[in-house]
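So the structure is just underneath, and the comments pick up after that.
Protein chains: 2
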Amino acid sequence: MTSLHQRIFEDIEQKIMSGTWPPGQRIPAEHELEVTYGCSRMTVSKALSALAARGMIVRRRRAGSFVASPQIDRTVMDISDIGTEAKVAGHAYSHRILSRRIERLSAVDAAVIEETAGAEVLRVECLHIVDGRPNALEKRMILLDAVPQARDETFETSPPGSWLLDQVPWSEAKHIIRAVAADAATAKLLTIERHAACLLLTRQTWQNGRTVTFVEITHPGDRYQFAGVFHPSK
Amino acid sequence: MTSLHQRIFEDIEQKIMSGTWPPGQRIPAEHELEVTYGCSRMTVSKALSALAARGMIVRRRRAGSFVASPQIDRTVMDISDIGTEAKVAGHAYSHRILSRRIERLSAVDAAVIEETAGAEVLRVECLHIVDGRPNALEKRMILLDAVPQARDETFETSPPGSWLLDQVPWSEAKHIIRAVAADAATAKLLTIERHAACLLLTRQTWQNGRTVTFVEITHPGDRYQFAGVFHPSK
DNA sequence: TAGTGGTCTAGACCACGGG
DNA sequence: CCGTGGTCTAGACCACTAT
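Sequence lines, in order, name chains G and B. Heads up, the first sequence is in the UniProt record's numbering, so the first residue is 1 and it goes up one at a time. Heads up, the second sequence is in the UniProt record's numbering, so the first residue is 1 and it goes up one at a time.
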């Protein structure tokens, strides 16, 4: 038996995650939810406080509660440029789409991401350039079942990562970070020496248990790092 | 004006962080705190629930609430062995202390960790061995002002990281992950080739704004990875 | 069995800030 | 101004579990 405040929490979480209540949407006031669920205000308040604590909603006196904007990537770690860590702002950023094609998921890839083979995926390769130097090579798969609107997107104006964050709320992400030696093709694209140490970030993102995207990002090891500040628990 | 449940939260947090209430210590029952603070049970409950949500205490019916054990490193990411990821248990672990000495913080090191030069630090180098292969080289500084009991510790029975977690609760940690090429000395200790790609994890830990320890851990890139599952916010 | 936390109620007063 | 969320009360019943 799940508690009532938990059920209210999950109901609202579901409406936000599914996009039924988009960012900025006003949530029913506490008093309205009291009536809807036939419970006291404390119970509603507990659920809404929990949602606010997780950053899913923003609560403002007199105005009401609103669905928060999609969270940016900093959840895990900030990605900072070793050479220019100081000047947080002022980066010249651009990107280049190297390739883009739609195919069906091979058995091998399906096993890796634990989805069913044959599903339609959009594969995109993208080079990220900061201050004139390539700083990341991105190889991405987007599951078209989960993100059908990606089918006709060229990613010319917005790179795949940012574009996806705007389109799809995510509920879970798994990250793996490894150190690898650059292969010939990667070395050439990143203008580094072959076998140079690189950071390889693999990220798989889900929405309600369904894979949205799977991406491998290779950074030159001498120019980039991952950094994050954490507090216990959470 | 800070709310009462917040004040209760902070009072207890302080007692835990300062070590006044060590791990395992029983916390006064809700009813006792009602009397102490002269408030209702709901107010106490709100504070204790928040502490439990942050993992600082564990609550058990009939038994009471207890200060949680210091959290293990998984806060950031699990460190898993690529080759033996499957067998979560069953690793043969051992460690070897390579060096141990007390010195005063040089100006350069002081600048790096943003502490005052001249402070006494214990420097320890430690090799971690899993299933017969070296898997990490740890170079650590422990601030003796913050952890005086480290002065006479040999770390023979427990490696510095685990020992510290048992001794000192931490309130903040900063991690940086880089990819680097192994230098000659590191390569020899880790039995890998020189210039092989390695993951370099740098971690600085604070307690109430004071640096407790600063550590650099080098992992062979082909054998290790960092992985973590995350949810939005946090 | 008895003490503890988990949940919930039906009120209340207040502070904030948008209209 | 006045609706909203923030906080708090003084109870209540129940589930769990150590003893």
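From the three backbone atoms N, C-alpha and C, an ideal C-beta is built for every residue, glycine too.
Among the options, nearest to residue i - alpha-carbon criterion
i              : options                               : result
R7(G)          : R26(G), G24(G) and Y37(G)             : Y37(G)
W206(G)        : M1(G), H5(G), P28(G) and M141(G)      : M141(G)
H5(B)          : G19(B), A63(B), R41(B) and V130(B)    : R41(B)
residue 277(G) : T213(G), Q204(G), G19(G) and Y93(G)   : Examination of residue 277(G) is not possible in this model, given that chain G is present from 1 through 234 alone.
residue 235(G) : C39(G), Y93(G) and I113(G)            : In this structure chain G extends from 1 to 234, so residue 235(G) is not present and cannot be described.
P148(G)        : T213(G), R194(G), E115(G) and A184(G) : T213(G)
V215(G)        : M1(G), P23(G), A173(G) and E193(G)    : A173(G)
K139(B)        : G161(B), G132(B) and E193(B)          : G161(B)
residue 292(B) : H195(B), T157(B), G132(B) and S3(B)   : For chain B, the structure presents residues 1 to 234; residue 292(B) sits outside this window and is missing.
Neighbourhood of residue i by C-beta, 7 Å cutoff - its chain only, sequence neighbours within 5 removed
i       : result
L189(G) : L127, P134 and L137
R101(B) : R123
W163(G) : E153 and F155
H195(B) : A181 and A182
Contacting residues, own chain, Cβ-Cβ under 6 Å from residue i (five flanking each side not counted)
i       : result
A117(B) : L105, A107 and A110
E10(G)  : none
P159(B) : H95 and C126
E34(G)  : R41 and V44
A50(B)  : F9
Y93(B)  : V130
E115(B) : T211
V88(G)  : Below a pLDDT of 50, predicted positions are generally treated as unreliable, and V88(G), at 34, falls in that range; no measurement from the model is reported.
A146(G) : R210 and V212
Residue i and residue j closer than 8 Å at C-beta
i       : j       : result
V121(B) : L98(B)  : no
R201(G) : H175(G) : As written in the sequence, residue 201(G) is Leu, which differs from the Arg given in the question. Taking 8 Å as the Cβ cut-off, L201(G) and H175(G) qualify as a contacting pair.
T191(G) : T218(G) : no
E30(B)  : S45(B)  : yes
A47(G)  : M56(G)  : no
G221(B) : A119(G) : no
F66(B)  : Q25(B)  : yes
A181(B) : A182(G) : no
A52(B)  : R59(B)  : yes
Beta bridge counterpart(s) of residue i as assigned by DSSP
i       : result
H195(G) : H195(G) is not bridged to any residue.
I97(G)  : C126(G)
V215(G) : R140(G) and R203(G)
E120(B) : R104(B)
A187(G) : Note: A187(G) sits in no beta bridge, so no partner.
A181(B) : A197(B)
Contact set for residue i: own chain, Cβ-Cβ below 8 Å, skip 5 residues either direction
i       : result
E103(G) : E120, V121 and R123
R151(B) : I102, L122 and L144
G64(G)  : R26, I27 and A29
P22(B)  : V67
Q167(G) : V147, Q149 and A150
E193(B) : A182 and A187
- What are the complete beta strand (DSSP E) segments, minimum 3 residues, inside the UniProt domain "HTH gntR-type" (2 to 70) of chain B? Here the runs fully enclosed are 57 to 60 and 64 to 67.
- Note down, one range per segment and in chain order, each alpha helix (DSSP H) of at least 4 residues found wholly within the segment 125 to 179 of chain B. 160 to 167
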